[in-house]
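Residues 1 to 272 (the UniProt record's numbering) are what the sequence shown spells out, left to right.
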Amino acid sequence: MDLKGKSILVTGAGMGIGALICKELAKAGADQIIGIDVLKESMRETENSTKALGCKFIGLACDLSREDHIESLIKQIKAEKLTFQVLVNNAGIAPSGPFSEQDFSVWKKAVQINVLGVIKLTHASLPILTSHPISHIVNLASIAGKFGSEGTVVYSATKHAIVGFSNALRMEYYEKNLGVSWICPSMVKTRMIDGVKPSLFTPVIEPILVAKAVKKAIEKNKAEVMVPGYVRLSIVILPTLFPRLFMWLAVKTKASRGWLLANKGLEKNIPV
């Protein structure tokens, strides 16, 4: 897909990776970005920087953990005669810590936003996307969607769900000019990993690398994209070929103790 002149909906557009995705797609020639976040005012900086690149920006508030909010969002988009050829499901949360010690409401919220929100918004957006000759969906997954680890029990479950959802959806729409990509980054240098010590298996990367991967996935209709690419060896190939060895290494090197000890809860801007 050539991004020039396209309209793109990006969730979690207020900061971090989402804001950078908006800018990167604007640089690639997108005509309009529809930014979605819990609070509309959180997208002001994204709006200003995107407009400075010659791209229109429309910010809309939506709590992606609420099915009725997503339905209202799509109704508003249709009522305002907006459209989009690309959907980027970027929004997500990453609570962590001992599974049994965190209040279940925190785990439930992660599932609502990371899984149900993505599936509901995608389902509601399909009539808009398929009304165009060519369209694309990008889902932000994680290397946690390829291999579960201590401290990220529910987060890993949500990202495994996104990988499976994306893979199956790509197959279902393979011959219908709707591309589906899923991005699996390592630990990204954003507020999401504050207080989390990285490990041998999870290098810390700059968020711009994820934004560039999203752009390339759309342009080249790529399926699964690992960021950086070389982590496929340690996260996918090694565990598949030598599962017992990988488990032993992960435990002995305390590969994911950082998430366990950080014991992160819900962010302040996430409604309970």
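Yeah, the Cβ is synthetic: ideal placement off N, Cα and C, and Gly gets one too.
A direct Cα-to-Cα measurement between Ala26 and Pro243 gives close to 42 Å. Rounded to the nearest whole angstrom, the C-alpha separation of Cys22 and Thr46 is 7 Å. By the Cβ test, the stretch 159-179 is not in contact with the stretch 204-211, since fewer than three Cβ pairs between them sit closer than 8 Å. In the DSSP assignment, the residues bridged to Ser181 are Val138. Ala141 and Ile183 do touch by the CB rule: their CB atoms are close to 6 Å apart, below 8 Å. Of the other Cβ atoms in all chains shown, fewer than 16 fall within 10 Å of the Cβ of Arg44; this residue is therefore exposed. Annotated three-state conformation of Ser100 is coil, per DSSP.
Pairing Met1 with Gly54, the inter-Cα distance amounts to about 20 Å.
Boundaries around Asp68 are those of the alpha helix (DSSP H), 67-79, since no beta strand (DSSP E) includes it. Taking 8 Å as the upper bound for CB-CB distance, Ile270 and Ile93 are in contact here, some 6 Å apart. For the 8 Å CB-CB criterion, Val10 and Gly35 form a contact. When C-alpha distances from Asn90 are compared across Pro185, Thr152, Tyr174, the shortest belongs to Pro185. Across the set Gly117, Gly14, Gly148, the C-alpha of Gly148 shows the shortest separation from the C-alpha of Pro239. Note: Met187 is bridge-paired with Val204 in the DSSP secondary-structure output.
Distance from the CA atom of Val118 to the CA atom of Phe104, rounded to whole angstroms, is 21 Å.
Under the three-state reduction of DSSP, Lys264 is assigned to coil, being neither helix nor strand. In this model, Thr50 and Val188 are separated by some 22 Å (Cα to Cα). Residue pairing of Gly35 in beta bridges, as defined by DSSP: Val10, Gly59. For Asn114 and Leu73, the gap between their C-alpha atoms comes out near 18 Å.
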